[in-house]
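Numbering (our numbering), first residue to last: 12 to 316.
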């Protein structure tokens with residue numbers, strides 16, 4: 012279906028916001044020419060300053076690019092991108108057969124299946140490639156790429172993915188990567204929840220968050236995630252790397268996927284309610300590890316430890 016990507020000028024990127032921008036920046040810094048499309052001028056500005064070209068619409072971008080990356084915030088935006096305009100002016104109407112599309116967002120497997128059917132009718136090679144990692148890791152090129160879908164698309168995109176990720180996994184021909192991302196995010200979001208409860212218990216017993224994190228990060232339950240959040244918790248500074256609002260979105264996808272596959276997800280549904288309550292209490296745009304602070308306040312501890 013696809014041919015090898017030979018012209019770096021053919022690379023397009025739709026959606027250059029919080030995660031898309033640092034990833035697109037890495038391609039430009041590696042010498043690749045890039046055409047971008049994003050409705051927010053602020054998102055585009057730093058890339059334009061580095062030489063990126065701008066398309067006014069996703070349909071325009073599709074006409075000139077043989078390999079297109081997509082990083083968008085949610086299902087609704089991806090569904091809108093895949094709407095087939097009656098006059099053929101939209102992305103789907105303009106994308107050419109043989110194009111490789113690498114969709115890197117966290118979206119539902121159900122929507123991704125529909126995207127696959129739409130793109131197959133157009134002869135587009137579709138690679139599901141959600142990424143795992145923070146904006147800091149994106150800037151450093153140290154993300155984890157989870158891929159599934161068209162093998163030729165995987166082969167075409169792999170050299171570029173090497174600029175973005177230190178680990179790449181090809182997981183299968185269909186929606187396997189979507190489910191793997193939900194598996195990882197379930198564990199990530201649950202870590203904040205159970206760690207928060209444990210820390211509140213310890214604080215009630217006279218320990219400080221800094222003391223507990225020092226011990227936890229040297230114990231058998233230590234993990235890269237917990238180590239990464241050590242100073243955040245010790246200093247009670249929850250500037251967002253990944254917000255409570257974003258975690259609500261992910262746990263909504265997780266629990267909906269569980270219902271779709273008839274998987275009872277007792278804990279995940281409870282954790283979604285915790286993040287929702289924390290958001291309602293004013294923590295929506297703080298880092299998702301602020302769940303600890305919300306639990307502290309709910310348990311009657313003072314505002315600062």
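Note that CB positions come from ideal geometry on N, CA and C, so glycine has one too.
#1: Would you mind working out which of 31, 62, 121 and 314 sits nearest residue 193, comparing C-alpha positions?
#2: Are there 16 or more other CB atoms within 10 angstroms of the CB of residue 15, so buried, or fewer, so exposed?
#3: Report, in whole angstroms, the separation of the C-beta atoms of residue 196 and residue 265, which I expect to be a contact under 8 Å.
#4: Can you give the Cα-Cα distance for residue 318 and residue 226, rounded to whole angstroms?
#5: Under 8 Å Cβ to Cβ from residue 55, same chain only, skipping five residues before and after it: list those, please.
#6: Report yes or no: do the segment 208-222 and the segment 249-268 share at least 3 C-beta pairs separated by less than 8 Å?
#7: Tell me the DSSP secondary structure of residue 80 in three-state form.
#8: Would you call the segment 223-241 and the segment 161-171 touching, i.e. three or more CB-CB distances under 8 Å?
#9: What residue range does the beta strand (DSSP E) around residue 155 cover?
#10: To test your reading of the DSSP string, which unbroken beta strand (DSSP E) runs of 3 or more residues are found completely within the segment 176-263?
#11: Output yes if chain B places a C-beta closer than 9 Å to the C-beta of residue 170; else output no.
#12: Rounded to a whole number of angstroms, what is the C-alpha to C-alpha distance between residue 313 and residue 152?
#13: Hey, would you say residue 110 sits closer than 9 Å to residue 135, going by beta carbons?
#14: For a test of the three-state rule: what should DSSP assign to residue 166, helix, strand or coil?
#15: Can you name the start and end residues of the beta strand (DSSP E) that residue 107 belongs to?
#16: In chain order, what residues of the same chain lie with their CB nearer than 6 Å to the CB of residue 17, ignoring the 5 residues before and after it?
#17: Between 301, 204 and 228, which has its C-alpha nearest residue 281's C-alpha?
#18: Assuming contact is defined by CB atoms lying nearer than 9 Å, are residue 255 and residue 230 in contact in what I supplied?
#19: Grouping DSSP H, G and I as helix and E and B as strand, with all else coil, what is residue 143?
#20: Measuring CA to CA, which of 279, 38 and 127 is closest to residue 164?
#21: With DSSP as the reference, label residue 13 as helix, strand or coil.
Concretely, from the data shown:
#1: Here residue 193 refers to the residue found at position 182 when the chain shown is read from its first residue. When only C-alpha atoms are compared, the closest one is 121.
#2: In the chain shown, the residue the question calls residue 15 occupies position 4. Only weak support is given to the placement of residue 15: the predicted model assigns it a pLDDT of 45, under 50, and the question is left unresolved by the model.
#3: Translated into positions along the chain shown, residue 196 becomes position 185. Translated into positions along the chain shown, residue 265 becomes position 254. The Cβ separation is near 6 Å, so the contact holds.
#4: Since the first residue of the chain shown is 12 and the last is 316, residue 318 is not available in this structure.
#5: Along the chain shown, read from residue 1 onward, the residue named residue 55 stands at position 44. Closer than 8 Å at the Cβ level, and outside the excluded window around residue 55, lie 27, 47, 49, 63 and 65.
#6: no
#7: Residue mapping note: residue 80 aligns to position 69 of the chain shown, counting from 1. DSSP places residue 80 in strand when its eight states are reduced to three.
#8: no
#9: What you label residue 155 is simply residue 144 of the chain shown in a count that begins at 1. Element bounds for residue 155: 154-160.
#10: Secondary structure remark: continuous beta strand (DSSP E) runs of at least 3 residues inside the segment 176-263, in chain order: 176-181.
#11: Absent here is chain B; the protein component of the structure consists of one chain.
#12: Locating residue 313 in the chain shown gives position 302, where the first residue counts as 1. Locating residue 152 in the chain shown gives position 141, where the first residue counts as 1. Their Cα atoms are separated by approximately 40 Å.
#13: As a working mapping, residue 110 is identified with position 99 in the chain shown. As a working mapping, residue 135 is identified with position 124 in the chain shown. Contact: yes.
#14: Here residue 166 corresponds to residue number 155 of the chain shown, with the count starting at 1. Note: residue 166 maps to helix in three-state DSSP.
#15: Translated into the one-based positions of the chain shown, residue 107 becomes position 96. That residue, residue 107, is in no beta strand (DSSP E); it is neither H nor E in DSSP.
#16: Position 6 of the chain shown, counted from the first residue, corresponds to residue 17. Bear in mind that a pLDDT of 40 at residue 17, under 50, signals an unreliable position, so the number given afterwards is only what the model happens to contain. No residues qualify anywhere along the chain.
#17: Taking the chain shown and counting its residues from 1, the one referred to as residue 281 is at position 270. The candidate whose alpha carbon is nearest that of residue 281 is 204.
#18: What you label residue 255 is simply residue 244 of the chain shown in a count that begins at 1. What you label residue 230 is simply residue 219 of the chain shown in a count that begins at 1. It is not a contact, given that the beta carbons lie outside the stated cut-off.
#19: Position 132 of the chain shown, counted from the first residue, corresponds to residue 143. Here residue 143 sits in strand by DSSP.
#20: Looking up residue 164 in the chain shown gives position 153. When each option's Cα is compared against that of residue 164, the closest is 127.
#21: Residue mapping note: residue 13 aligns to position 2 of the chain shown, counting from 1. Summary for residue 13: the model assigns pLDDT 40, below 50, so the residue's position carries little reliability, and this model does not support an answer.
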